[in-house]
């Protein structure tokens, strides 16, 4: 900007020529300059006010529109919104297939001490022992007055205990919020759930971790915040599990057995609906493992998954199935059953003399060791081992439990010809009862291999084919005949067409040297309905003895079979399996007119 001079030379010279005062020219120019500056400042201020007025107009207009909208909208409670999902800190629940709680969490508190902050450690130690009698007052006092800066006193306490400690009034006694794992159904499904405890070191000492069963197997999933607290859904049915355990416990007590186990499994999917082992325990108060003696004496021992036994004649159906599959026999093929059968120094005998011949079907119905051995010799050791391998009998089951790998089958050191014969009737090869259930499920579902599972899923891919549908159907008919007219006649449940096979195996002595004469493992394995099986089952007892008669009876037909029959009566309606009731004859009945 070019400023006008206050004393322009031309005007000064002219003013002097006219005799005027040049200072008047300077004052006039100064006045004009000030007016020009004033006018520009006013113009800028007016423009700013106009812009600000426009902004205020828009703001109040927007507010007005929003208020009008809110006034016309229906009343609604405000809701807080947050970006993303909150972190779930606590351990996820475990539920059954119907969503019923098997394991959950309870908010509680832990009690710890910071000795440097304690005012009266002597009084505090005495009061704590009064509240928690299991504590040692002298040890507490030594810890409180020693160099320790921090110590756990109780990792979980009740609300009443917390209030009592609070009333002590010592600032060095503090509470930490934590969760505890509870099992609202007590001992039901205890071996499957396993149990949980607290971590041992550092920060994890306040965290719940799995110690056995599915709690340990799925520990990472149950603790993972990324799952947002989604529960672990098992294939179990809580009501069926409860019924199975109740019947099994009653049978164990009546039969004076050392232990018992049972499983109920879907034939097509391998999903375990119920699985029990007795004696059991309460996972809310899990006992300590035994430090001496037999593991089978501990209630923590899972006989269904960890117990490896020679299961006896329940294995005979696999030998016959292999003979049928290889085309070596038919159900009506006559088998030589003259006995005893001699191999070197070994003698193979039958429980009764069944005559010189039995059909392949009657070998199963009458449970002939000799007949099964002769069938096994038709295909030999190598083929037998291959077939049992396809059934999954040579490796631990893949069921989702941390204990499953310990149930490794015991195979013969040399799979000789005599091994082939004894294995055909359930001696010389030791497996878990769950292996047996999976093998029976393979025959029940039409010949497709079954892998036992504890997880409930909507769709499962079928397993590889082990035997043809024709072979599977023939074996099912034989198992049905065992119940209708054979060794398992006490297992015939009206309306449910039960098929199965008994097995009574002498128990081997713990330190070797042969078998006990008065101790057995009795087993009944089967399916229902036999014509179109939905479920397979295995019931087994350790050292049972039935004493209602004049002589003690230990065979499966008198021990495992009646218990399994009662189990089917109790659980089949719960599973939705409708009994097949034969219609009454219509002779002598005429239709009435309306």
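Residue numbers (my numbering): 6 to 599.
No residue lacks a Cβ here, since even glycine has one placed at the ideal position from N, Cα and C.
1) Is residue 65 helix, strand or coil by DSSP?
2) So, do the region 309-326 and the region 345-355 have three or more beta carbon pairs nearer to each other than 8 Å?
3) Quick one: give me the first and last residue of the beta strand (DSSP E) that residue 214 is part of.
4) Using 8 Å as the threshold, is the C-beta distance between residue 266 and residue 218 below it?
5) In whole angstroms, what separates the C-alpha of residue 501 from that of residue 573?
6) Cα separation between residue 579 and residue 256?
7) Take residue 245 as the anchor and find which of 562, 428 and 577 has the nearest alpha-carbon.
8) With 16 as the cutoff for other CB atoms within 10 Å, does residue 35 come out buried or exposed?
9) Specify the secondary structure class of residue 34 as computed by DSSP and reduced to three states.
10) Could you check whether the region 141-151 touches the region 93-107, counting it as contact only if at least three pairs of C-beta atoms, one from each stretch, sit closer than 8 Å?
11) Would the region 260-279 count as touching the region 545-565 if we require 3 or more Cβ pairs under 8 Å?
12) Assign residue 384 to one of two classes, buried (16 or more other C-beta atoms within 10 Å of its C-beta) or exposed (fewer than that).
13) Would the region 325-344 count as touching the region 375-392 if we require 3 or more Cβ pairs under 8 Å?
14) Could you check what DSSP says for residue 574 in three-state terms: helix, strand or coil?
15) Between the Cα of residue 169 and those of 192, 503, 540 and 135, spot the shortest distance and give me the residue it belongs to.
16) Quick check: the region 489-503 against the region 395-402, are at least 3 beta-carbon pairs closer than 8 Å?
17) Kindly list the residues whose CB is nearer than 6 Å to the CB of residue 191, restricted to its own chain and excluding five residues on each side of it in sequence; keep chain order.
18) From the DSSP output, which residues share a beta bridge with residue 105?
19) Quick one: measure Cβ to Cβ for residue 431 and residue 318, integer angstroms, because I've assumed they're closer than 8 Å.
20) Give the secondary structure of residue 353 by DSSP, where H, G and I count as helix, E and B as strand, and everything else as coil.
21) For residue 363, collect the residues of the same chain with a Cβ closer than 8 Å to its Cβ; drop the 5 residues on either side in sequence, then sort them by chain order.
22) Mind checking whether residue 162 and residue 117 have CB atoms under 8 Å apart?
23) With a floor of 3 residues, list each beta strand (DSSP E) that falls wholly inside the region 129-182, ordered by position along the chain.
24) Are the beta-carbon atoms belonging to residue 57 and residue 110 less than 8 Å from one another?
25) Using alpha carbons as the reference points, say which of 513, 178 and 442 lies closest to residue 529.
26) To which residues of the same chain is residue 585 closer than 8 Å at the C-beta, ignoring the five residues directly before and after it?
27) In chain order, what are the residue ranges of uninterrupted beta strand (DSSP E) at least 3 long that sit wholly in the region 284-354?
28) Looking only at its chain, what residues have a beta carbon closer than 6 Å to the beta carbon of residue 229, apart from the 5 residues adjacent to it on each side?
29) State the beta-bridge partners of residue 270 as determined by DSSP.
30) Can you tell me whether residue 124 is buried or exposed, with buried defined as 16 or more other CB within 10 angstroms of its CB?
31) According to DSSP, residue 186 sits in a beta bridge with which residue or residues?
32) Do residue 531 and residue 506 come within 8 Å of each other at the CB atom, strictly closer than that value?
33) Here's the rule: buried if 16 or more other CB atoms are within 10 angstroms of the residue's CB, otherwise exposed. What is residue 598?
34) Given a cut-off of 8 Å on the beta-carbon distance, is the pair residue 119 and residue 177 in contact?
35) Return helix, strand or coil for residue 265, following the three-state DSSP convention.
36) Under the three-state reduction of DSSP, which class applies to residue 398: helix, strand or coil?
Let's see:
1) If DSSP states are grouped into helix, strand and coil, residue 65 belongs with the helices.
2) Touching, no.
3) Residues 213-217.
4) No, these two residues do not count as a Cβ contact at 8 Å.
5) Rounded to whole angstroms, residue 501 to residue 573 spans 8 Å at the Cα level.
6) Cα to Cα, the separation comes out at about 20 Å.
7) Closest in C-alpha terms to residue 245, from the list 562, 428 and 577, comes 577.
8) So residue 35 ends up on the exposed side.
9) Here residue 34 sits in helix by DSSP.
10) They do not touch, by the three-pair rule.
11) Taking 8 Å as the limit for Cβ pairs, the verdict is that the region 545-565 does touch the region 260-279.
12) By the neighbour-count definition (other C-beta atoms within 10 Å, threshold 16), residue 384 is a buried residue.
13) The region 325-344 is in contact with the region 375-392.
14) Residue 574 falls in the helix class under three-state DSSP.
15) Nearest of 192, 503, 540 and 135 to residue 169, Cα basis: 135.
16) Touching, no.
17) Hits under 6 Å: 287.
18) Per DSSP, none; premise fails for residue 105.
19) Right, the Cβ-Cβ distance comes to about 6 Å (below 8 Å), so this counts as a contact.
20) Assignment of residue 353 by DSSP, reduced to helix, strand and coil, places it in the strand class.
21) Take residue 363, set aside five residues on each side of it, and the residues of its chain with a beta-carbon closer than 8 Å to its own are 339, 340, 342, 371, 373 and 376, in chain order.
22) Not closer than 8 Å, so no.
23) 156-162, all fully within the region 129-182.
24) No. Outside cutoff.
25) Residue 442 is the option with its Cα nearest to residue 529.
26) By the criterion of a C-beta distance shorter than 8 Å, residue 585 is surrounded in its chain by 500, 501, 502 and 534, once the five residues flanking it on both sides are discounted.
27) The region 284-354 contains these whole beta strand (DSSP E) runs: 339-341, 346-348 and 351-353.
28) Excluding positions up to five away in sequence, the list is empty.
29) Answer by DSSP bridge pairing, in chain order: 277 and 541.
30) Using a 10 angstroms sphere on the CB of residue 124, the tally of other CB atoms stays under 16, which defines it as exposed.
31) For residue 186, DSSP records a beta bridge to 110.
32) Here residue 506 is near residue 531, since their CB atoms are less than 8 Å apart.
33) With a pLDDT of 45 at residue 598, under the threshold of 50, the modelled position of this residue cannot be trusted; read the value that follows with caution. Residue 598 is exposed by the Cβ-count criterion.
34) Here residue 119 is near residue 177, since their CB atoms are less than 8 Å apart.
35) Residue 265 falls in the strand class under three-state DSSP.
36) Annotated three-state conformation of residue 398 is coil, per DSSP.
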